[in-house]
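What follows is a set of notes on a single structure, which appears directly below.
In our numbering, the protein residues as written are 499 to 586.
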């Protein structure tokens, strides 16, 4: 139900809106969306559906062994995305 979705995504929406406010203050016009699912598949899907020319992702600061074992969303996006990727 919508209430469960809102409860799960609320903190993410707050974080996204804070970042969007910063970008707007610098003259950008970000489009934001919070979705659930596999991060790479969902990010690529939203980027494709919206014809995004740029995808910006963050990093959790994992060590090399963690990235090698667990994988990295930003690494996978760089390999699969049809758009430019900026990993921060």
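Don't be surprised by glycine CBs; every beta carbon is placed ideally from N, CA and C.
Buried/exposed call for residue 552, threshold 16 Cβ in 10 Å: Looking up residue 552 in the chain shown gives position 54. The residue in question, residue 552, is exposed, as its Cβ has fewer than 16 Cβ neighbours within 10 Å.
Three-way DSSP call (helix, strand, coil) for residue 552 in this model: What you label residue 552 is simply residue 54 of the chain shown in a count that begins at 1. In the structure shown, residue 552 sits in a strand (DSSP, three-state: E or B).
Span of the alpha helix (DSSP H) around residue 508: Position 10 of the chain shown, counting from 1, holds the residue named residue 508. Counting along the chain, the alpha helix (DSSP H) containing residue 508 begins and ends at 500-523.
Reference residue 514; option with closest CA among 524, 555 and 501: Here residue 514 refers to the residue found at position 16 when the chain shown is read from its first residue. The shortest Cα separation from residue 514 among 524, 555 and 501 belongs to 555.
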